[in-house]
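Here the working numbering is used: the first residue of the sequence shown is 62, the next is one more, and so on. Encoded as structure tokens, the structure appears first; notes follow it.
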Amino acid sequence: MKANVSNKVIFNNTVLRDGHQSLAATRMRTEQMLPILSDLDSLGFGALETWGGATIDAGLRFLKEFPFDRLDALKKGTPKTPHMMLLRGQNIVQYSNFPDDVVEAFVHMSAKHGMDIFRIFDALNDVRNIETAVRAAKAAGKHAQGVICYTASPFHTVEKFLEMGVELEAIGCDSICLKDMAGLVPPYVAFRIVKGLKERVKIPVIVHTHETAGLGAPTYYAAIEAGVDQVDTSIVPFANGTGQPDTVRMLSLLEDHPRCPSYDRPTLQRIREHLTTVYKELSNFTSVTNEVVDSDALTYQVPGGMLSNFRNQLKDQKMEDRFEEVFREIPVVREALGWIPLVTPTSQIVGVQAMLNVKFGRWKNFAPQAMDIALGYYGQTPAPVDKEVRALAAKISKKDPIDVRPADLLKPRMDALREELRKQEFPDDDEHCVIHAMFPQELRQYYEAKKKAAEPKETVVATPAPAAPPPPAAPRAGGGPVKRFALQIEGNDYAVEVEEIRQ
Ligand code: CO
């Protein structure tokens, strides 16, 4: 990471990761990125966020791109600017915990392919779940950025966030990011958190937010006033709305401010022109609802993507008329589950449980994932889980509550993964092992698609193949890959869709 020698604020650019993850369902292809790489690299951003989050899953699943190939291509095109990735701690880029040896191998392979800055978070803000990744990044000689996930609750005072910041510095993080995945941090709260962190820690402080509820740019302005070192911006049309505030917009907002940085506007304009074409190409995956300010997110204090998913789920359950009731149940569920932040996957788990509580009576139907949270299988919750709710989860699931770090219960897996790859006659290097660990089915489908593409065609078609996007899918406001879970409730089967929102 570049040292902040002047007092100017530094912009990191997210257009190659969060920008299209938030506004185009993570569907930007590597080839659509290539034309802007040299311009992006010339601007002198603090970092380019190029990988991680949902890009690995979506790239493999929908675009049939091997994740490390994309990283290689982007690194080659932007050799001057540090690369940054979003890592979900012990979940790597998935939703469940992986053993330490897999986390370590993933970080080492990412570093080998050019990743410089690892931005590492845990959905529960359990620092134990990010320590292995932090250690691995440092061992690889790279930058470990620890994350504080912002969430509003009676438990989450400014002081609590500051305590976590001190803890992150103590475990060896090189910087701290206040990550507001839902765009809900009010500007003055961001001001107080940043100011407090700057007083208590020596490492740089970064703020990452989204414009979903219209607070993003003012929040950055307040954070800059409070002394934040860096903020994340994107480039329109993959900016604003559910994405990060646009770079040009932030420059104008800061005009004449002593901390206003300098990024070449004609270059930004050139990038914007190319991205406008790409945005149109991705029209199957974009949606007006993602582009406008969502004031419901403010009213209900939940991530915007969660709201739209939720309306669909209530409709499926024929519970549209109970929307308000279900939303009033969300804080009840959160409190019982130790005031967990609402970020993938906890936002969906809390939402589903609130719906079940309203439909069947409080805790009459306990969703398996919610029970796992109550029992400690996701990690330590910010506040203690309600004792009765924990006992109930243990009784129904017949699982013992745990207080250890969940990954401590997992055995090393790299050897077994390699063996599985050999059996399928796939490459068995560490890159494939870590991808296979998280996405076994998607990896197999990737090779099947590749094999099919390599088969000789019986007839030669003379018309040039259009570079068409994959067949249309209904645009989804939440943005990312959808996972289906089957729930059995009183003998009835329910399909629950869990969708990656944005991070
Ligand atoms: Co984000």
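Idealized CB from N, CA, C, for every residue including glycine.
Next item on the list: Look at the Cβ atom of LEU436, then the Cβ atom of LYS460, and state whether they are nearer than 8 Å.
Entry: The residue you call residue 436 lines up with position 375 of the sequence shown. The residue you call residue 460 lines up with position 399 of the sequence shown. Closer than 8 Å, so yes.
Margin query: Considering only their Cβ atoms, is the gap separating ALA455 from PRO445 smaller than 8 Å?
Written below: Translated into positions along the sequence shown, residue 445 becomes position 384. Translated into positions along the sequence shown, residue 455 becomes position 394. It is not a contact, given that the beta carbons lie outside the stated cut-off.
Checklist line | Chain-order list of residues whose beta-carbon lies under 7 Å from that of GLY120 (same chain, five-residue window excluded) | finding: Working through the sequence shown from its first residue, we reach residue 120 at position 59. Around GLY120: GLU126, PRO128, ARG131.
Item checked: Beta-carbon gap between GLY304 and LYS259 smaller than 8 Å -> The residue given as residue 304 occupies position 243 in the sequence shown. The residue given as residue 259 occupies position 198 in the sequence shown. Cβ distance not < 8 Å, so GLY304 and LYS259 don't count as in contact.
Next item on the list: Just mark LYS376 as buried or exposed, buried being the case when its beta carbon has 16 or more other beta carbons within 10 Å.
Entry: Indexing the sequence shown from 1 puts residue 376 at position 315. So LYS376 ends up on the exposed side.
Next item on the list: Quick one: residues in its chain with C-beta nearer than 6 Å to the C-beta of THR273, no 5 flanking neighbours on either side, listed in chain order?
Entry: Walking along the sequence shown from the start, residue 273 turns up at place 212. GLY244, THR303, ASP355, ALA358, GLY365.
Next item on the list: Under the assumption that THR337 contacts ALA85 (Cβ atoms under 8 Å), give the Cβ distance between them as a whole number of angstroms.
Entry: Locating residue 337 in the sequence shown gives position 276, counting from the first residue. Locating residue 85 in the sequence shown gives position 24, counting from the first residue. THR337 to ALA85, Cβ: 12 Å. No contact.
Next item on the list: Apply the 10 Å Cβ neighbour rule to PRO517 and answer buried if 16 or more other Cβ atoms are within range, or exposed otherwise.
Entry: Locating residue 517 in the sequence shown gives position 456, counting from the first residue. So PRO517 ends up on the exposed side.
Checklist line | Cβ-based burial, SER236 [other Cβ within 10 Å; buried from 16] | finding: Position 175 of the sequence shown, counting from 1, holds the residue named residue 236. Buried, since its Cβ has 16 or more Cβ neighbours within 10 Å.
Margin query: Against chain B, with Cβ distances strictly below 8 Å, would LYS511 count as a contact?
Written below: Absent from the structure is chain B; it holds one protein chain and no more.
Margin query: Beta-carbon within less than 8 Å of ARG451's beta-carbon, same chain only, minus the 5 sequence neighbours each way: which residues are those?
Written below: Start at 1 with the first residue of the sequence shown, and residue 451 comes out as number 390. Cβ neighbours of ARG451 beyond the five flanking positions: ALA435, LEU436, PRO462.
Item checked: Rounded straight-line distance, which links the Cα of SER83 to that of ASN351 -> Stepping through the sequence shown from its first residue, residue 351 is reached at position 290. Stepping through the sequence shown from its first residue, residue 83 is reached at position 22. For ASN351 and SER83, the distance between alpha carbons rounds to 8 Å.
Check: VAL70 by DSSP, collapsed to three states: which one?
Finding: Within the sequence shown, the letter at position 9 stands for residue 70. It is coil, neither helix nor strand.
Check: Does the region 368–383 come close enough to the region 147–157 that 3 or more CB-CB pairs lie under 8 Å?
Finding: no
Item checked: Per-residue DSSP class, three states only, for VAL208 -> Reading the sequence shown from its first residue, position 147 is the one you call residue 208. It is a strand residue.
Note to self: Could you tell me the alpha carbon to alpha carbon distance between PRO531 and GLU230, rounded to whole angstroms?
What the structure shows: In the sequence shown, the residue the question calls residue 531 occupies position 470. In the sequence shown, the residue the question calls residue 230 occupies position 169. Reliability of the predicted coordinates at PRO531 is poor, the pLDDT of 45 falling under 50, and no value is obtained from them.
Next item on the list: State the Cα-Cα distance for the pair LYS221 and ARG483, rounded to the nearest angstrom.
Entry: Counting from 1 along the sequence shown, the entry for residue 221 is found at position 160. Counting from 1 along the sequence shown, the entry for residue 483 is found at position 422. Using only the alpha carbons, I get a separation of about 48 Å.
Check: Which value, in whole angstroms, describes the spacing of the CA atoms of LEU329 and PHE252?
Finding: Numbered from 1 along the sequence shown, position 268 holds the residue referred to as residue 329. Numbered from 1 along the sequence shown, position 191 holds the residue referred to as residue 252. Rounded to the nearest angstrom, the two C-alpha atoms are 28 Å apart.
Checklist line | ASP79 CB to nearest heavy atom of the ligand CO below 7 Å | finding: By 1-based counting over the sequence shown, the position of residue 79 is 18. At least one heavy atom of the ligand CO is nearer than 7 Å to the Cβ of ASP79, so yes.
Notebook entry, point to check: From GLU486 to GLN502, what does the alpha carbon distance come to, in whole angstroms?
Noted result: If you number the sequence shown from 1, residue 486 lands on position 425. If you number the sequence shown from 1, residue 502 lands on position 441. In a straight line, the C-alpha of GLU486 is about 15 Å away from that of GLN502.
Note to self: I'd like to check one pair, ILE285 with VAL70: are the Cβ atoms closer than 8 Å?
What the structure shows: In the sequence shown, residue 70 corresponds to position 9, counting from 1. In the sequence shown, residue 285 corresponds to position 224, counting from 1. It is a contact, given that the beta carbons lie within the stated cut-off.
Item checked: Buried versus exposed call for ALA578 [16 or more other C-beta atoms within 10 Å across all chains shown] -> Examination of residue 578 is not possible in this model, given that the chain is present from 62 through 564 alone.
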